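For the sequence shown, position 74 (counting from the first letter as 1) is numbered 74 according to the UniProt record's numbering, and the numbering increases by one without interruption. What follows is a short report on a single structure.
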Amino acid sequence: MFGAFELANTPDGDEALANVKAGVVDAFSVGFRPIRDRREGDVIVRVEAALLEVSLTGVPAYLGAQIAGVRAESLAVVSRSLAEARLALMDW
């Protein structure tokens, strides 16, 4: 799973960003409701899930849930139709 997240422009958001930049937290944890999955041997591949929450953490539930980077500029908002089209291209 890959994602881009925006922190609120508040004291709590500033503190969260400072903790990421300082390496205090280097991962995130996600809460989700599985919608569609498949098995590949002993592995369950989540094909579709409803995202319930995202939290910064130093101890993620999934080992690969690392923060890849921090960008200062605002991210463009992607419309639902464009996001669905991109997912369709990836055969999701």
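Ideal placement from N, C-alpha and C gives every residue a C-beta, glycine not left out. These numbers were taken from a predicted model, which means no experiment stands behind them.
Uninterrupted beta strand (DSSP E) stretches at least 3 residues long and entirely within the UniProt domain "Prohead serine protease" (4-76) occur at 27-40 and 43-57, given in chain order. Between residue 65 and residue 32, the gap from beta carbon to beta carbon reaches 9 Å or more. Contact annotation: residue 67 and residue 56 have beta-carbon atoms nearer than 9 Å. Taken through DSSP and simplified to helix, strand or coil, residue 79 comes out as coil.
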